[in-house]
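Novice: Protein chains in written order, with the working numbering: chain A, 55 to 539; chain B, 28 to 542. Once you've had a glance at the structure underneath, I'll fire off some questions.
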Amino acid sequence: MASDLQSLGALGPILPEIAMAIAALVLLLVGVIFLKRENSAVLNWVAIAVMVVIAGYIGFFRGGGDAVLFNGGFINDEFSRLLKVLVIGASAFSLLMTLPSAREHGIAKFEYAVLMLLANVGMMLMISANDLMTLYVGLELQSLAFYVMAAMHRENAKATEAGLKYFVLGALASGLLLYGASLVYGFTGQTQLDQIAHAISMGSRSVGLIFGLVFLLAGVAFKIAAVPFHMWTPDVYEGAPTPVTAFFGTAPKVAAMALFIRIVTVSFGPIVHDWQQIVIFLSIASMVLASFAAIGQQGLKRMIAYSAIGHMGFALVGLSAGTANGVEGVIVYLAIYMTMTVGFFACLLSIKTKDGFVDNIADLAGLSRTRPFVAAMMAVMMFSYVGLPPLGGFFAKWQVFLAAIEAHLFVLAVIGVLMSAVSAFYYLRIVKTMYFDEPKHEFEVVPGGELTFAMAVSGFLIITYYLTVGSPLTAWAHVAAGSLF
Amino acid sequence: MISYWILSAITFVPLVGVVILLFISGRDAASENLARWIALVVSLLAFILSLVMWSRFDPTQSGFQFVENYQWIGSSIGYRMGVDGISVLLVVLAALMVPICVIASWNSVHTRVRDYMIVFLVIDTLMIGAFATLDLAMFYVFFEGTLIPMFLIIGIWGGARRIQASYKFFFYTFTGSVLMLLAIMAMYWQAGTTDISKLLTVHFPPGMQVWLWLAFFASFAVKLPMWPFHRWLPEAHVEAPTGGSVLLAAILLKFGGYGFLRFSLPMFPDASHQFANFMFVLSVAAIILTSLVALVQDDMKKLIAYSSVAHMGFVTIGIFSGTINGVQGAVFQMISHGLISGALFLTVGVVYDRMHTREIAAYGGLVHRMPRYAAVFMVFTMANIGLPGTSGFIGEFLTMIGAFQVSTWTVFGAMVGVILSASYALWLYRRMIFGVLSKDSLKGILDLNLQEKLILIPLLLLIIFFGFYPAPLLNATAASSHAIVAQYQAAVGPTPAIVKPAPAAAAPAPADAAK
């Protein structure tokens, strides 16, 4: 097959990925040659700058324009651009939030920024993958970076355990995904996503293909941590250093969900009803299990891990509809969820007592007296997680449930909203502890304006969502979702 | 033109106050005082704007006025404002109660004063917005948004069992409301819009109406509250600070009545007709049972809370009678109950601030030390009973006239409730005010101070004024009530007349009519 790349200029649409990869390699060289191990802040700032520039290029210059490259292996469309901007934005914020306390969390190493950039290349490839092989390459690139990041605090047994667990289970999931991919290839003769759809609509909806679909979705469900493939999440969230958890909780979810959306809508569009039931099951199981399991948690990070599982369930409500409106809902949901999670972790990272960073919910008692701003932002995030208007979280739920109602998935919708009422219980417990309980101990101030900046930005976006970003974001998501159908 | 922005201005002026308050960070007495003044001025400004709006309101039109209509998020949620005869008075009432609460809390709230004022201004915006918006999704945003400030008001400034009360309040209302959210979405897909003025003209298939009606019922029956969904209310009232109780009773409960009247009755007329008897049964049960429960309370706030449930029963009876008198009476009863129950919670707050107990047994013989207080309390007690000459009478009387054309048994049941309300209210008054002043703790209690007079006397005057001259309220609601009833009767057929309506039935009942 002849190459479709006749000149260097034809590489334009993949320029962001190339630039990100080069930046990672350059930073690696610089780090190895010039920097002592403990002095990593400079590299982090450079990495943030690189991300901002690349995200700007994608957002404002449409990343080189719509194109399909490498004989169909890579696609640059509106959907991929929007999600890449989200992923890079989340990564940049989580990198920013590591700065004030990197040393205490044992991640003040120059490799951190390099791994972050490499993970971003992987995620961008996942989002833009138009072929089962590109998809797998992207997925593995990001996963390998994640395994190392989770275990980066080598002296900490929990972090090492988290890294190992993540690696073993992640490898299993990758295996499932590969197995599914090979089945799909075997029964359709295609690896390119749109060609698979073509082959299916030509009449090859066989049992083997359905098996392949199930395995493929099981692998992806592991990556977004949907029940019943969620078991690793609480342990990894708890064990990994908090800034790394902040990263795991945001960008990878967006990237994996993008992959999920693209596979089911592009490749398996002709057999909507087959995958719809799988997605509905994943969605209900995630919402129900997470809502009840989180109630018993004492640790903030474990609680937020279950909350993440539940939120992926809510996002899947939109995808269950199998319509463009549903995908639009999922995109909006992810964007808002990401913002809330950035805000949550910025708050968490700035709460400290003389015994170190806080992880038990009970330790937040009386936070509103001594750190009113942090407590207020945390409360906003909690109310928004619940889905209370007029905060952003409500509009996220509005979009996905609107799509579910349109598709007449009434049972799913009723279970979903009732579960959001159940989940309110544990979110409100944090508000209650911060505002209604008497202080138990003194809180220290964590220096560094980065966290305040992250809190202020996410808080502003969540509170004023309706007035500021709501309209443009929904419009962009509408176009992005339209590019898949 | 003022009419293009006045509703947005009334709604969002309090938020400006919130932004200003955010910049006051001091914790000394001076900055606390500043916070109080800012909150007062800003909420008064909203109230004055709402009066301007009312003065420009044209009561002869039945449609929406001061309309603002913009497409906003996606194709679903718009930014739409507008009031008609049903909502214009509720906007004014909401705007009136917040400055009263701010004054009432002037000397009684000492912890986190700035935060207190912030949540009250936030809830001000949300309450006004809920009545003023013309977009169903935005209505939900405002309606549900009030949960956040109310949860905080009860939880932070509440009494001993505040946490349980705030949770109960939250979960009851939240669970009910999310089902309504799904119904709103279903309506959007059916009608293609969330514009209330357009939805009012859409005819939903009767099979669908039943489900939509039930979903809206789940939300409003909890909010109103109707028996047996009222369990959250007494606790929330008891534990909330005075200001919170006042807003809860005077405004937040009215969301339920407003919702039934704005959405359930005109948008789902077939289902409303089908469920009318069900509503009558629940309302009568509420009136009688909660009145009986109120009789045995030994906590004065709880007693008033139960009496609120009973009085809101008249609102639902009026609405679902589907007659002009009933609907007009329901709106009137909502306004009147807003004034009366707010005033009652304020009067109870007066002695609570002095004695820090809500137990009725801790009081007695207050008339000897607090004659002015006793006089004011008496007027509010009489209004609560529905004595002619107070606004409470007009509301109950009109709803019962309206319901009499549809179901005489309902009116009979409601009548029993009126008698019971006289018993518990008068008995409360006797136990607290009359008798011998024997308790040592009460010997030094002081009569009303200036700030308490400032809030109680206007309410007292309003209650008596509207009792003798209800025309300003009834005129404002007349055209819109006629429109709603006409639409309802067009869908379900004219009300079968059990009693032949008198020719002048629509005219306001004279206040001196015997009961």
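Every residue, glycine too, gets a C-beta built ideally from N, C-alpha and C.
1. So what does DSSP say about Trp-133(B), is it helix, strand or coil?
2. Can you pull the chain B neighbours of Pro-443(A), defined as C-beta to C-beta under 7 angstroms?
3. Can you name the residues that DSSP bridges to Glu-498(A)?
4. Go ahead and pull the three-state DSSP assignment for Gly-224(A).
5. For the alpha helix (DSSP H) containing Trp-259(B), name the first residue and the last one.
6. For Ala-183(A), list the residues DSSP reports as bridge partners.
7. Could you please give me the residues that DSSP links to Arg-107(B) through a beta bridge?
8. For chain A, find out if any of its Cβ atoms is closer than 7 angstroms to the Cβ of Val-249(B); answer yes or no.
9. Please tell me whether Val-471(A) has its Cβ less than 7 angstroms away from any Cβ of chain B.
10. Indicate whether at least one CB of chain A lies closer than 7 angstroms to the CB of Ala-213(B).
11. Which value, in whole angstroms, describes the spacing of the CA atoms of Met-165(B) and Ile-75(B)?
12. Is the Cβ-Cβ distance between Gly-494(B) and Gly-429(B) less than 7 angstroms?
13. Please list, in chain order, the residues of the segment 179 to 213 of chain B that have any C-beta partner in chain A closer than 8 angstroms.
14. DSSP on Met-55(A), reduced to helix/strand/coil?
15. Output, in chain order, the set of chain A residues within a Cβ distance shorter than 7 angstroms of Ile-47(B).
16. Using alpha carbons as the reference points, say which of Met-442(B), Met-459(B), Val-443(B), Ala-157(B) lies closest to Ala-554(B).
17. State the Cα-Cα distance for the pair Gln-21(B) and Ile-511(B), rounded to the nearest angstrom.
18. Anything in the segment 516 to 527 of chain A with a Cβ closer than 8 angstroms to a Cβ of chain B? List those residues in chain order, please.
19. Listed from N- to C-terminal order along the chain, which residues in the segment 101 to 118 of chain B have their beta-carbon within a distance smaller than 7 angstroms of any beta-carbon of chain A?
20. Return no unless some Cβ of chain B is closer than 7 angstroms to the Cβ of Ala-475(A).
21. For a contact meaning CB atoms closer than 7 angstroms, what does Trp-216(B) contact in chain A?
22. Look up Ala-538(B) in the DSSP assignment and say whether it is helix, strand or coil.
23. How about the segment 313 to 324 of chain B and the segment 447 to 454 of chain B: do they share at least three Cβ pairs that are nearer than 8 angstroms?
24. Counting only Cβ pairs nearer than 7 angstroms, list the residues of chain A close to Ile-175(B).
25. Between the segment 212 to 228 of chain A and the segment 285 to 297 of chain A, can you find at least three pairs of beta-carbon atoms closer than 8 angstroms?
26. Between the alpha carbons of Ala-205(A) and Val-465(A), how many angstroms are there, rounded?
27. Among residues of its own chain, excluding the 5 on either side of Ala-310(A), which ones have a beta-carbon nearer than 6 angstroms to its beta-carbon?
28. Would you mind working out which of Phe-196(B), Ile-223(B), Ala-267(B) sits nearest Ser-246(B), comparing C-alpha positions?
29. Label Asp-85(B) either buried or exposed according to how many other C-beta atoms from any shown protein chain fall within 10 Å of its C-beta, with 16 as the threshold for buried.
30. Taking the alpha-carbon positions, what's the Val-342(A) to Val-318(A) distance?
31. Quick check: the segment 343 to 354 of chain B against the segment 393 to 407 of chain B, are at least 3 beta-carbon pairs closer than 8 angstroms?
32. Closest to Gln-246(A) by CA distance: which of Leu-218(A), Arg-425(A), Arg-423(A), Leu-186(A) is it?
33. Pull up the distance between the alpha-carbon of Leu-464(B) and that of Ala-389(B), whole angstroms please.
34. List the whole-angstrom C-beta distance separating Gln-217(B) from Phe-231(B), where the pair is believed to meet the contact cut-off of C-beta under 8 angstroms.
35. So Leu-153(A) packs on Gly-502(A), CB below 8 angstroms; how close in whole Å?
36. Only counting runs of 3 or more residues, tell me where the beta strand (DSSP E) segments fall wholly within the segment 203 to 235 of chain B, in order along the chain.
Specialist: On the basis of the coordinates in this document:
1. Taking the second sequence and counting its residues from 1, one reaches residue 133(B) at position 106. In the three-state reduction of the DSSP assignment, Trp-133(B) falls in the coil class, being assigned neither a helical nor a strand state.
2. Indexing the first sequence from 1 puts residue 443(A) at position 389. Within chain B, the residues near Pro-443(A) are Tyr-167, Val-168, Glu-171, Gly-172.
3. The residue labelled residue 498(A) in the question sits at position 444 within the first sequence. Its beta-bridge partners are Lys-406(A).
4. The sequence position of residue 224(A) within the first sequence is 170, counting from 1. In the structure shown, Gly-224(A) adopts helical secondary structure according to DSSP, grouped into three states.
5. Here the question's residue 259(B) lines up with position 232 in the second sequence. Counting along the chain, the unbroken alpha helix (DSSP H) around Trp-259(B) starts and ends at 259 to 266.
6. Here residue 183(A) refers to the residue found at position 129 when the first sequence is read from its first residue. Phe-128(A), per the DSSP bridge assignment.
7. As a position in the second sequence, residue 107(B) is number 80, starting the count at 1. The secondary-structure analysis by DSSP pairs Arg-107(B) across a beta bridge with Asn-96(B).
8. Within the second sequence, residue 249(B) is the residue found at index 222, counting from 1. Not an interface residue.
9. Here the question's residue 471(A) lines up with position 417 in the first sequence. It does: the Cβ of Val-471(A) has a partner Cβ on chain B nearer than 7 angstroms.
10. As a position in the second sequence, residue 213(B) is number 186, starting the count at 1. Yes, because at least one Cβ of chain A sits closer than 7 angstroms to the Cβ of Ala-213(B).
11. Position 138 of the second sequence, counted from the start, is the residue given in the question as residue 165(B). Position 48 of the second sequence, counted from the start, is the residue given in the question as residue 75(B). The straight-line gap from Cα to Cα measures roughly 24 angstroms.
12. As a position in the second sequence, residue 494(B) is number 467, starting the count at 1. As a position in the second sequence, residue 429(B) is number 402, starting the count at 1. At the C-beta level, Gly-494(B) and Gly-429(B) stay beyond 7 angstroms of one another.
13. Going along the segment 179 to 213 of chain B in chain order, one finds Leu-179, Gly-182, Ile-183, Arg-189, Ile-190, Ser-193, Tyr-194, Phe-197, Phe-198, Phe-201, Thr-202, Val-205, Leu-206, Leu-208, Leu-209, Met-212, Ala-213 with a Cβ nearer than 8 angstroms to chain A.
14. For this step, residue 55(A) is matched to residue 1 along the first sequence. A caution first: Met-55(A) carries a pLDDT of 48, below 50, which makes its placement in the model unreliable, though a value can still be read off. If DSSP states are grouped into helix, strand and coil, Met-55(A) belongs with coil.
15. Stepping through the second sequence from its first residue, residue 47(B) is reached at position 20. Going along chain A, no residue has its Cβ under 7 angstroms from Ile-47(B), so there is no contact; the nearest lies around 16 angstroms.
16. Since the displayed chain B opens at 28 and closes at 542, residue 554(B) lies outside it and no answer follows.
17. Since the first residue shown for chain B is 28 and the last is 542, residue 21(B) is missing from the structure and cannot be characterised.
18. Listed by position along the chain: Tyr-520, Gly-524, Ser-525.
19. Flagged, chain order: Gly-101, Ser-103.
20. Residue numbering aside, residue 475(A) sits at position 421 when the first sequence is read from its first letter. In terms of beta-carbon proximity, Ala-475(A) lines the interface with chain B, with at least one pair separated by less than 7 angstroms.
21. Sequence index remark: in the second sequence, residue 216(B) carries index 189 (1-based). Per Cβ cutoff of 7 angstroms: Ile-459, Glu-460.
22. Within the second sequence, numbered from 1, the residue matching residue 538(B) stands at position 511. Note that Ala-538(B) scores 45 on pLDDT, short of 50, meaning its location in the model is unreliable; the coordinates nonetheless yield the value given after this. DSSP places Ala-538(B) in the coil class of the three-state scheme, outside both helix and strand.
23. Three or more pairs of CB atoms, one per stretch, sit closer than 8 angstroms, so the segment 313 to 324 of chain B contacts the segment 447 to 454 of chain B.
24. One-based indexing of the second sequence puts residue 175(B) at position 148. Per Cβ cutoff of 7 angstroms: Phe-437, Leu-442.
25. Touching, per the Cβ criterion.
26. Against the first sequence, residue 205(A) aligns to sequence position 151. Against the first sequence, residue 465(A) aligns to sequence position 411. Taking the CA atoms as reference points, Ala-205(A) sits about 41 angstroms from Val-465(A).
27. Residue 310(A) sits at position 256 when you count from the first residue of the first sequence. Hits under 6 angstroms: Lys-277, Ile-278.
28. Walking along the second sequence from the start, residue 246(B) turns up at place 219. Checked all of Phe-196(B), Ile-223(B), Ala-267(B); the closest Cα to Ser-246(B) is Phe-196(B).
29. Residue numbering aside, residue 85(B) sits at position 58 when the second sequence is read from its first letter. Asp-85(B) comes out exposed.
30. The residue labelled residue 342(A) in the question sits at position 288 within the first sequence. The residue labelled residue 318(A) in the question sits at position 264 within the first sequence. Distance from the CA atom of Val-342(A) to the CA atom of Val-318(A), rounded to whole angstroms, is 23 angstroms.
31. Cβ pair count under 8 angstroms is below three, so no.
32. Against the first sequence, residue 246(A) aligns to sequence position 192. Closest option to Gln-246(A), Cα to Cα, is Leu-186(A).
33. Reading the second sequence from its first residue, position 437 is the one you call residue 464(B). Reading the second sequence from its first residue, position 362 is the one you call residue 389(B). Rounded to whole angstroms, Leu-464(B) and Ala-389(B) show a C-alpha spacing of 11 angstroms.
34. The residue you call residue 217(B) lines up with position 190 of the second sequence. The residue you call residue 231(B) lines up with position 204 of the second sequence. Going by Cβ atoms, the distance from Gln-217(B) to Phe-231(B) rounds to 6 angstroms, so yes, they are a contact pair.
35. Stepping through the first sequence from its first residue, residue 153(A) is reached at position 99. Stepping through the first sequence from its first residue, residue 502(A) is reached at position 448. Right, the Cβ-Cβ distance comes to about 6 angstroms (below 8 angstroms), so this counts as a contact.
36. For secondary structure counted as the beta strand (DSSP E) over 3 or more consecutive residues, the segment 203 to 235 of chain B holds no complete run.
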